[in-house]
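Novice: Residues 273 to 485 in the working numbering are what the sequence shown lists, from first letter to last.
Note that CB positions come from ideal geometry on N, CA and C, so glycine has one too.
Pasting a structure here, questions to come.
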Amino acid sequence: MNTDRIAALYRWIEYAAFGRALERRRFAFLPLVKGAQRVLIAGEGDGRFLARLVRQNPDVRVDVLESSVEMIRLARSRLPPGANVTFHREDALETPPEGPFDLVVTHFFLDCLSDEETVRFIEGIKQQLSFSAFWLVSDFQQVSFWPANWHSWLWLRVMYAFFRLSTGLRTAKLPQIDRALHGAGFELVTKEEARLGLIVSQLWRLDQKGSQL
Ligand SMILES: C[S@@+](CC[C@H](N)C(=O)[O-])C[C@H]1O[C@@H](n2cnc3c(N)ncnc32)[C@H](O)[C@@H]1O
273 MNTDRIAALY RWIEYAAFGR ALERRRFAFL PLVKGAQRVL IAGEGDGRFL
323 ARLVRQNPDV RVDVLESSVE MIRLARSRLP PGANVTFHRE DALETPPEGP
373 FDLVVTHFFL DCLSDEETVR FIEGIKQQLS FSAFWLVSDF QQVSFWPANW
423 HSWLWLRVMY AFFRLSTGLR TAKLPQIDRA LHGAGFELVT KEEARLGLIV
473 SQLWRLDQKG SQL
C-alpha cells in the first residue's frame with residue numbers, strides 16, 4: 273500500500289465521505305490516556321491524531337511507524353515546536369522500535385492488514401510493551417444486524433475498492449481485530465460506536481496474566 277499519492281487529499285476525502293465522524297472516533301478516548309509517556313503509533317497518516325496527542329501530553333515521547341513519505345511530511349508539519357516524536361519510515365510489520373511503550377495507537381490502520389498480519393503485528397509489538405499497557409484503536413466493523421449490516425457492507429466495499437485503486441491495497445476484508453487483541457491478552461476497557469455501528473473506537477488494556485501467546 274502506498275498512500276503518497278492521496279496524502280494531501282486524504283483529509284478532504286475523509287471529510288467528504290464521513291464529515292467529522294472519523295475524527296471524533298480518533299479523539300474519543302484521548303482524555304483517558306493523559307498519563308501515557310511512551311507511545312507507539314502505527315500508520316499515523318497525516319498527523320491529526322499525533323498533533324492532538326502531543327498537545328494534550330506535552331512531555332510524551334512518541335515513535336511513529338509509517339510507510340508513506342508524504343504522510344510523514346504532513347504529520348511533521350502539524351507538530352508543535354519541541355515535540356519529542358521519532359518517525360520511522362518503514363513497514364510496521366517489521367521489527368518494532370525498542371520499548372517499553374505504555375500506549376499503542378492504531379487508528380484505521382489494522383484494516384490495511386490481513387488476519388495473519390494483524391496477529392503477527394500485535395505479537396511483535398507486545399514484546400515491547402509495559403506490564404499493563406493500553407491499546408487505542410479506531411476502525412471500521414461489519415455490523416451483523418439488519419438493516420445496519422447492509423450499510424456497513426456497502427461502505428466497506430466502497431472503501432476497499434477506493435484504497436485498492438488509489439494505493440494498491442491488497443487486502444479486501446477487515447481482520448478480526450477484537451479476536452486478535454483478546455487472543456494476545458488484551459482486555460476491552462471501553463468502546464463507542466458511531467454511524468450505525470460502522471465505526472468503532474476502543475480502549476484495550478494488556479492483562480499479562482491472561483495472555484494466551
Ligand atoms: C487508512 S490510513 C489511516 C491513517 C490514519 N491513522 C487515520 O486515522 O486516518 C493507513 C495509514 O497506514 C499507513 N500504512 C499502511 N500500511 C502500512 C504498513 N505496513 N506499515 C506502515 N504504515 C502503513 C498508510 O501509509 C496510511 O498512512
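#1: If you draw a straight line from the alpha carbon of Lys-445 to that of Trp-284, how long is it in whole angstroms?
#2: Taking the straight line between their C-alpha atoms, what separation do you get for Arg-467 and Val-305?
#3: Indicate whether Gly-457 and Leu-478 have their beta-carbon atoms separated by less than 8 angstroms.
#4: Just to confirm the assignment: which complete beta strand (DSSP E) runs, minimum length 3, are found wholly within the stretch 384-451?
#5: With a threshold of 8 angstroms on Cβ separation, who are the neighbours of Leu-351 within its own chain once the five nearest residues in sequence on each side are excluded?
#6: Compare the beta carbon distance of Ala-405 and Phe-373 with 8 angstroms and say whether it is the shorter of the two.
#7: Which of the three DSSP states is assigned to Glu-286 in this structure?
#8: Under 7 angstroms from any heavy atom of ligand 1, does the C-beta of Ser-339 make it?
#9: Between Leu-337 and the rest of its own chain, which residues show a CB-CB distance below 6 angstroms, the 5 nearest in sequence each way excluded?
#10: Given Phe-403, which residues of its chain have a CB within under 7 angstroms of its CB, disregarding the five upstream and five downstream residues?
#11: In angstroms, rounded to a whole number, what distance separates the CA positions of Ile-394 and Trp-418?
#12: With 16 as the cutoff for other CB atoms within 10 Å, does Leu-426 come out buried or exposed?
#13: Taking the straight line between their C-alpha atoms, what separation do you get for Ser-483 and Glu-366?
#14: Quick check: the Cα distance between Ser-438 and Arg-333, rounded to an integer number of angstroms?
#15: Comparing C-alpha positions only, which one of Thr-390, Asp-383, Asp-331 and Val-409 sits nearest to Gly-354?
#16: Assuming Phe-380 and Leu-470 make a contact with CB atoms under 8 angstroms, what is their CB distance in whole Å?
#17: Can we count His-454 as close to ligand 1, meaning its CB is less than 7 angstroms from some heavy atom?
#18: Spatial neighbours of Val-409 within its chain, please: CB distance less than 6 angstroms, with the 5 preceding and 5 following residues excluded, ordered by chain position.
#19: Does the Cβ of Pro-303 have 16 or more other Cβ atoms within 10 Å, making it buried, or fewer, making it exposed?
#20: Using a threshold of 7 angstroms, is the CB atom of Glu-423 nearer than that to any non-hydrogen atom of ligand 1?
Specialist: With the structure as the only source:
#1: Rounded to the nearest whole angstrom, the CA to CA distance from Lys-445 to Trp-284 is 24 angstroms.
#2: In this model, Arg-467 and Val-305 are separated by some 24 angstroms (Cα to Cα).
#3: With a cutoff of 8 angstroms on beta-carbon distance, Gly-457 and Leu-478 are scored as near each other.
#4: Fully contained in the stretch 384-451 are the following beta strand (DSSP E) runs of length 3 or more, in chain order: 401-412.
#5: Cβ within range, chain order: Gly-319, Leu-322, Ala-323, Val-326 and Val-357.
#6: Cβ atoms of Ala-405 and Phe-373: closer than 8 angstroms.
#7: Helix.
#8: Between ligand 1 and Ser-339, a heavy atom-to-CB distance of less than 7 angstroms is present.
#9: Spatial neighbours of Leu-337 in its own chain (CB-CB distance under 6 angstroms, excluding positions within 5 residues in sequence) are listed in chain order as Ala-314, His-360 and Ala-364.
#10: Gln-480, listed in sequence order.
#11: Between Ile-394 and Trp-418, the C-alpha separation is close to 32 angstroms.
#12: That one is exposed.
#13: Annotation note: pLDDT 47 at Ser-483 (below 50); position unreliable, no value reported.
#14: When rounded, the separation of the alpha-carbon atoms in Ser-438 and Arg-333 is 32 angstroms.
#15: Closest in C-alpha terms to Gly-354, from the list Thr-390, Asp-383, Asp-331 and Val-409, comes Asp-331.
#16: Between Leu-470 and Phe-380 the Cβ distance is about 12 angstroms, and since that is not below 8 angstroms, they are no contact.
#17: Not so, every heavy atom of ligand 1 lies at least 7 angstroms from the Cβ.
#18: Once the five neighbours on either side are set aside, the close Cβ partners of Val-409 are Thr-378 and Gln-474.
#19: By the 10 Å Cβ count, Pro-303 comes out exposed.
#20: First, the amino acid is wrong: residue 423 is His here, not Glu. No, ligand 1 has no heavy atom inside 7 angstroms of this Cβ.
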